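These protein sequences, in sequence, are chains A and E.
When you line the first sequence up against my numbering, it's residues 300 to 493, in that order.
When you line the second sequence up against my numbering, it's residues 300 to 493, in that order.
Below: the structure, in structure tokens.
There are 2 protein chains.
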Amino acid sequence: MSQRLSAPARREQILDVALDVFANAGFHGASMNDIAEAAGVTKPVLYQHFDSKRHLYQALIEEVGNRLRTNIDKATAEATDGKSQTELGFRAYFRWVADDHDGFRLLFGSGSRRDDEFNDAIRKITAESARAVAPLIAVDIDESHRETLAHAIVGLAEGASRRLVGLGQDFDPDAIAAEVSALAWAGLRAVTPR
Amino acid sequence: MSQRLSAPARREQILDVALDVFANAGFHGASMNDIAEAAGVTKPVLYQHFDSKRHLYQALIEEVGNRLRTNIDKATAEATDGKSQTELGFRAYFRWVADDHDGFRLLFGSGSRRDDEFNDAIRKITAESARAVAPLIAVDIDESHRETLAHAIVGLAEGASRRLVGLGQDFDPDAIAAEVSALAWAGLRAVTPR
DNA sequence: ATACTGAGTTACCGAATGGTAACCGGCTCA
DNA sequence: TGAGCCGGTTACCATTCGGTAACTCAGTAT
Numbered sequence: 300m301s302q303r304l305s306a307p308a309r310r311e312q313i314l315d316v317a318l319d320v321f322a323n324a325g326f327h328g329a330s331m332n333d334i335a336e337a338a339g340v341t342k343p344v345l346y347q348h349f350d351s352k353r354h355l356y357q358a359l360i361e362e363v364g365n366r367l368r369t370n371i372d373k374a375t376a377e378a379t380d381g382k383s384q385t386e387l388g389f390r391a392y393f394r395w396v397a398d399d400h401d402g403f404r405l406l407f408g409s410g411s412r413r414d415d416e417f418n419d420a421i422r423k424i425t426a427e428s429a430r431a432v433a434p435l436i437a438v439d440i441d442e443s444h445r446e447t448l449a450h451a452i453v454g455l456a457e458g459a460s461r462r463l464v465g466l467g468q469d470f471d472p473d474a475i476a477a478e479v480s481a482l483a484w485a486g487l488r489a490v491t492p493r
Numbered sequence: 300m301s302q303r304l305s306a307p308a309r310r311e312q313i314l315d316v317a318l319d320v321f322a323n324a325g326f327h328g329a330s331m332n333d334i335a336e337a338a339g340v341t342k343p344v345l346y347q348h349f350d351s352k353r354h355l356y357q358a359l360i361e362e363v364g365n366r367l368r369t370n371i372d373k374a375t376a377e378a379t380d381g382k383s384q385t386e387l388g389f390r391a392y393f394r395w396v397a398d399d400h401d402g403f404r405l406l407f408g409s410g411s412r413r414d415d416e417f418n419d420a421i422r423k424i425t426a427e428s429a430r431a432v433a434p435l436i437a438v439d440i441d442e443s444h445r446e447t448l449a450h451a452i453v454g455l456a457e458g459a460s461r462r463l464v465g466l467g468q469d470f471d472p473d474a475i476a477a478e479v480s481a482l483a484w485a486g487l488r489a490v491t492p493r
């Protein structure tokens, strides 16, 4: 049945397959047997590459998080002003969502947030996005409120994406990004000092 | 140890205690024994009031969802124009979050989204919020995009709340609501027909 | 030929957990 | 006073699932 693969190749394949399985069934809903079967091997093989189910899951969160981070960083690096930074950031975000539905569901789908260890990893990811957003609020405002608003903006993208992914259909990320970023930018400009 | 309660009283107490336990440990992380112990009874008592663990959880989602819905509906009923509708809606939302941390975490914390059945229940709740938001986008725009933007706005509140609840401290819901609703309203006004 | 390497399998264990059958004991009312 | 209602308990079962020890077997280098 199963092709014999080199260790690194098998590891990659397992990560690939596990993302699919976890995204669809969740951490608790997916058993190691399920993943092994989907990968065309047996359980002990998984344990040759990952110490535990948790480690496998954590590795996935890490990897998917990196993909997201990298995409956004690359996209916004070119921007000079806040407005285009906003536009490019959202575009990168929605493009990522559009072609990594499984990744989105793994991180934000969720069920990952239930576990303290996983939740921390995911919070780190959203916190990074928020840190990129915070400076776009130009007005003088309480630091803690600025952080909260930044997280709200991140939630904006998440809320839209959850629906889009939930619909199951493909969507045009650039079109969505244009509208959402327009909303976000206008909103950010409207924040006033108290 | 355990006080002898009437059936309806016990049922209420179980719901109360279960919300606490589930909110903190998640659906899978909390065992029926945990809940029974927290309620000061034994497992079979739970099964006298709820058919299964899932039914108990579902009942909680339903109840918490109703509280949220009711609060928002009551608050926005008095509003005449879109702007104050937005303000009052967000204020009701954040007030609910502020005094029902456990409820918020149960619905959006989450882990509830992992299960199809639970996810549907929660989607229904956010979809209702979105339906209230959608008419605030006055411009002529594709219906599906309008829906997506409405969900984005709901995500706005969720994103802010998740951070606030995550910090573990109490917060002033009205202050947050003022800022977030200002952001949302300005953002909604900025959506342009394509 | 032989011995080694390393990917993969079979078969199993132990713990946790959802759920249930059978029983208990105090209160109330005829 | 005794029957029965009802809230509650003890003790148990069945199953799932993470994790592991021991083994197989093909290729390869000597």
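All C-beta atoms in this analysis are idealised placements derived from N, C-alpha and C, irrespective of residue type, glycine included.
The structure presented is a predicted model; accordingly, all values stated were derived computationally and were not measured.
If the cut is a Cβ gap below 8 Å, which residues of chain E does Arg-353/A touch? For the purposes of this step, residue 353/A is taken as the residue at position 54 of the first sequence. The contacting residues do not exist; Arg-353/A stays about 13 Å from chain E at best.
Within the 8 Å Cβ cut-off, does Arg-461/E reach chain A? As a position in the second sequence, residue 461/E is number 162, starting the count at 1. For Arg-461/E, the answer is yes, since a Cβ of chain A falls inside 8 Å of its Cβ.
Nearest to Ala-329/E (by Cα), restricted to the options Leu-405/E, Asp-399/E and Ile-436/E: Position 30 of the second sequence, counted from the start, is the residue given in the question as residue 329/E. Of the candidates Leu-405/E, Asp-399/E and Ile-436/E, the one whose C-alpha sits nearest the C-alpha of Ala-329/E is Leu-405/E.
Between Ser-480/E, Leu-466/E, Thr-447/E and Val-438/E, which has its C-alpha nearest Ala-456/E's C-alpha? Here residue 456/E is taken as the residue at index 157 of the second sequence, counted from 1. Comparing Cα-Cα distances from Ala-456/E to each of Ser-480/E, Leu-466/E, Thr-447/E and Val-438/E, the minimum goes to Ser-480/E.
Spatial neighbours of Glu-416/E within its chain, please: CB distance less than 8 Å, with the 5 preceding and 5 following residues excluded, ordered by chain position. Residue numbering aside, residue 416/E sits at position 117 when the second sequence is read from its first letter. Cβ within range, chain order: Arg-353 and Gln-357.
If you run the structure through DSSP and keep just helix, strand and coil, what is Leu-304/E? By one-based count along the second sequence, residue 304/E stands at place 5. Coil, per DSSP.
Suppose the cutoff is 6 Å on Cβ atoms and the five residues either side in sequence are ignored; what does the same chain contact list for Ile-334/E look like? Position 35 of the second sequence, counting from 1, holds the residue named residue 334/E. By the criterion of a C-beta distance shorter than 6 Å, Ile-334/E is surrounded in its chain by Ala-317 and Val-320, once the five residues flanking it on both sides are discounted.
Is there a C-beta anywhere in chain E that falls below 8 Å from the one on Gly-410/A? The sequence position of residue 410/A within the first sequence is 111, counting from 1. Proximity of Gly-410/A to chain E, defined by a Cβ-Cβ separation below 8 Å, is satisfied.
Within-8 Å CB hit, Arg-488/E to chain A: Counted from its first residue, the second sequence places residue 488/E at position 189. Arg-488/E counts as touching chain A.
Using alpha carbons as the reference points, say which of Ala-485/A, Thr-491/A and Glu-478/A lies closest to Gly-381/A. Within the first sequence, residue 381/A is the residue found at index 82, counting from 1. Nearest of Ala-485/A, Thr-491/A and Glu-478/A to Gly-381/A, Cα basis: Ala-485/A.
Can you pull out the residues from the segment 320-339 of chain E whose beta carbon lies closer than 7 Å to at least one beta carbon of chain A? Within the segment 320-339 of chain E, Gly-325, His-327 and Gly-328 place their CB atoms closer than 7 Å to a CB of chain A, listed in sequence order.
Interfacial residues, the segment 413-427 of chain E to chain A, with Cβ spacing under 9 Å: If the cut-off is 9 Å between Cβ atoms, the segment 413-427 of chain E has Arg-413, Asp-414, Asn-418, Arg-422, Thr-425 and Ala-426 near chain A.
Cβ closer than 8 Å: which chain A residues qualify as neighbours of Ile-386/E? On the second sequence, residue 386/E is found 87 positions in, with the first residue counted as 1. Before going further, note that residue 386/E is Glu rather than Ile in the sequence given. For Glu-386/E, no chain A residue has a C-beta closer than 8 Å to its own C-beta; the minimum C-beta separation is roughly 13 Å.
Closest to Val-464/E by CA distance: which of Thr-425/E, Phe-393/E, Ile-424/E and Ala-477/E is it? Position 165 of the second sequence holds residue 464/E. From the listed residues Thr-425/E, Phe-393/E, Ile-424/E and Ala-477/E, the smallest Cα separation to Val-464/E is found for Phe-393/E.
Through-space distance from Ala-429/A to Gly-402/A, alpha-carbon basis: The count along the first sequence starts at 1 and reaches residue 402/A at position 103. The count along the first sequence starts at 1 and reaches residue 429/A at position 130. Rounded to whole angstroms, the separation of the alpha carbons of Ala-429/A and Gly-402/A is 19 Å.
Please identify, using Cβ separations under 9 Å, the residues of the segment 445-473 of chain A that lie next to chain E, in order along the chain. Taking 9 Å as the Cβ-Cβ cut-off against chain E, the residues of the segment 445-473 of chain A that qualify are Glu-446, Thr-447, Leu-448, Ala-449, His-450, Ala-451, Ile-452, Val-453, Gly-454, Leu-455, Ala-456, Glu-457, Gly-458, Ala-459, Ser-460, Arg-461, Arg-462, Leu-463, Gly-465, Leu-466 and Phe-470.
Neighbourhood of Met-300/A by C-beta, 7 Å cutoff - its chain only, sequence neighbours within 5 removed: Translated into positions along the first sequence, residue 300/A becomes position 1. With a pLDDT of only 49 at Met-300/A, under the threshold of 50, the placement of this residue in the model should not be trusted, and no figure is reported.
Comparing C-alpha positions only, which one of Arg-303/A, Gln-302/A, Ala-337/A and His-327/A sits nearest to Leu-314/A? Counting from 1 along the first sequence, the entry for residue 314/A is found at position 15. Distance from the Cα of Leu-314/A is smallest, within the candidate group Arg-303/A, Gln-302/A, Ala-337/A and His-327/A, for Ala-337/A.
If distances are taken between C-alpha atoms only, which option among Arg-461/A, Asp-350/A, Gln-468/A and Val-453/A comes closest to Ala-483/A? Residue 483/A sits at position 184 when you count from the first residue of the first sequence. The candidate whose alpha carbon is nearest that of Ala-483/A is Val-453/A.
Taking all protein chains shown into account, do 16 or more other C-beta atoms lie within 10 angstroms of the C-beta of Gly-364/E, making it buried, or fewer, making it exposed? Position 65 of the second sequence, counted from the start, is the residue given in the question as residue 364/E. Buried is the call here.
So that I know if they touch, is there some Cβ in chain A lying closer than 8 Å to that of Val-316/E? In the second sequence, residue 316/E corresponds to position 17, counting from 1. Between Val-316/E and chain A, the shortest Cβ-Cβ separation is not below 8 Å.
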